[in-house]
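Trainee: Right, I'll just put the structure down here and ask away after.
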Amino acid sequence: MSQTWHSAEAPEPVTVTPAGWLRVLLRGGPLALLLLVCFPLLLLIRLIEAPVFGQRRPVTPYITCFVCRSAFALMGIGFSSRGVPMAGAGGVVANHSSWLDIFALNARHRIVFVSKAEVAGWPGIGWLARGTGTLFIERNRHKAREQQQMFEDQLRAGQRLVFFPEGTSTDGMRVLPFKTTLFQAFFTPSLNRDMQIQPVTVIYRAPRGESPRFYGWWGDMGFGTHLLKVLSAPRQGAVKLVYHPPVQVAAFASRKALAAHLEQTVRGGLPFINGSE
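In the working numbering, the protein residues as written are -13 to 263.
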C-alpha cells in the first residue's frame, strides 16, 4: 500500500449554506435510517449464515447490494454500469477516487472488499466494513504469508475479492501505478489455473457547474467534511462503472505483467484520459 496521494492543487473549500444544511437533513436522515434498519438485519442473518456456510455468504451480500443502490437514490446521485460482471471466484480491481467507490462496486455485484487495516478503526466506515465481511490487511512483511493464506481461503470459498491496487484514493482524474503485492495470491499453484481477474473503471461525473474533482476524496480530506459536501450539494452528478472483460491469471508470466495489463485497461476507461466515454 502506498502513502496517501496529494494533489498539486488544494481541494476546493467546503462551505455549507443554510439551504445546504436542509439538504443534508433531507438526504442524510433517510440514509441513516436505511443503515440503522438494514445493518442490524445483516448482522442477525450473518449469525445464522456463518456457522452454516462459513466464509461463503449466500444471503447477506444481497442486503449490501440493496443498501448501496438505495444510498445512491437517497443521495440523488445517478448510478449506471456498462459491461458484465464476471461470475465465479476471482479478483476485481478498480481505480480508487472516493469512499463512494465502495458503495458503487457493492451496488452492482456480490463481492468481498480487501482494505488496509487502518480502515477498521475509522468511525462509521470501519463499522460498516467489518459487518459486510471486508478483509483487512496490514503493511507488515512478517504477516505477508498469513494474509496470502487468507486470500487463498476466500478464493477457494468462491468469493470475488475486490481491491484498489493504487493503494490510495485520488481526485478521480487519473490512475496511479498499480502495486503488485496483492496479485501474488492469484499465482498460488494450488488454485484453479482458470482463475480470473476483472478490471473495472469507476467514472464520476460532477454536478453541473462544479469541479470535475467534486467526488474525489484524497490527501488530508476528512470523511465527515466530504460527506457534508456531497449531501449538501444543490445538484448531484453520477457514477458509472465500466466492467472490462476479465483476464486469466495463467495468461501472464508474473504478477507484474498482470498488474501492468490491468492498470492499462482501467486507465483506458477514463474519459478524461482517452477522450471518450
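Don't be surprised by glycine CBs; every beta carbon is placed ideally from N, CA and C.
Ignoring anything shorter than 4 residues, give me the alpha helix (DSSP H) runs that lie fully in the region 85 to 131, in order along the chain.
Mentor: With a minimum length of 4 residues, the continuous alpha helix (DSSP H) runs that stay inside the region 85 to 131 are 86 to 94, 111 to 117.
Trainee: Roughly how many angstroms separate the alpha carbons of Arg42 and Ala36, rounded to a whole number?
Mentor: Position 56 of the sequence shown holds residue 42. Position 50 of the sequence shown holds residue 36. Distance between the alpha carbons of Arg42 and Ala36: 8 Å.
Trainee: Between the Cα of Gln222 and the Cα atoms of Val10, Gly205, Ala245, which residue gives the shortest distance?
Mentor: Taking the sequence shown and counting its residues from 1, the one referred to as residue 222 is at position 236. The residue with the shortest Cα to Cα distance from Gln222 is Val10.
Trainee: I'd like the list of long-range same chain contacts for Ser67, defined as Cβ closer than 7 Å, with 5 residues on each side in sequence excluded.
Mentor: Numbered from its first residue, the sequence shown carries residue 67 at position 81. Counting only Cβ-Cβ distances below 7 Å, and skipping sequence neighbours, we find Arg94, Lys226, Leu227, Tyr229.
Trainee: Please confirm whether Ala189 and Val148 have their CB atoms less than 7 Å apart.
Mentor: Here residue 189 refers to the residue found at position 203 of the sequence shown. Here residue 148 refers to the residue found at position 162 of the sequence shown. Before going further, note that residue 189 is Ile rather than Ala in the sequence given. Cβ distance not < 7 Å, so Ile189 and Val148 don't count as in contact.
Trainee: Between Thr(-10) and Thr154, is the Cβ-Cβ spacing less than 7 Å?
Mentor: Here residue -10 refers to the residue found at position 4 of the sequence shown. Here residue 154 refers to the residue found at position 168 of the sequence shown. Cβ distance < 7 Å, so Thr(-10) and Thr154 count as in contact.
Trainee: Nearest-angstrom Cα distance between Phe169 and Trp7?
Mentor: Taking the sequence shown and counting its residues from 1, the one referred to as residue 169 is at position 183. Taking the sequence shown and counting its residues from 1, the one referred to as residue 7 is at position 21. Those two C-alpha atoms are separated by around 43 Å.
Trainee: Check Ala80 in the structure and name its three-state DSSP category.
Mentor: On the sequence shown, position 94 is the one that residue 80 refers to. The answer is strand: DSSP assigns Ala80 an E or B state.
Trainee: Going by the beta-carbon positions, is the gap between Ala171 and Gln140 smaller than 7 Å?
Mentor: Working through the sequence shown from its first residue, we reach residue 171 at position 185. Working through the sequence shown from its first residue, we reach residue 140 at position 154. Against a cut-off of 7 Å, the Cβ pair of Gln140 and Ala171 comes out as no contact.
Trainee: Should Tyr201 go down as buried or exposed, given a rule of 16 or more other Cβ atoms within 10 Å for buried?
Mentor: Taking the first residue of the sequence shown as position 1, residue 201 is located at position 215. Its Cβ being crowded by 16 or more others within 10 Å, Tyr201 is buried.
Trainee: Could you name the residues of the same chain whose beta carbon sits closer than 7 Å to that of Leu214, not counting the 5 residues immediately before and after it, in chain order?
Mentor: Position 228 of the sequence shown, counted from the start, is the residue given in the question as residue 214. Contacts found: Val0, Val2, Val10.
Trainee: Between Arg249 and Cys54, what straight-line distance do the alpha-carbon atoms span, to the nearest angstrom?
Mentor: Start at 1 with the first residue of the sequence shown, and residue 249 comes out as number 263. Start at 1 with the first residue of the sequence shown, and residue 54 comes out as number 68. Rather than Arg, the amino acid found at residue 249 in this sequence is Glu. Spanning the two alpha carbons is a distance of roughly 26 Å.
Trainee: With 16 as the cutoff for other CB atoms within 10 Å, does Gln234 come out buried or exposed?
Mentor: For the purposes of this step, residue 234 is taken as the residue at position 248 of the sequence shown. Looking at its Cβ environment, which holds fewer than 16 other Cβ atoms inside 10 Å, Gln234 is exposed.
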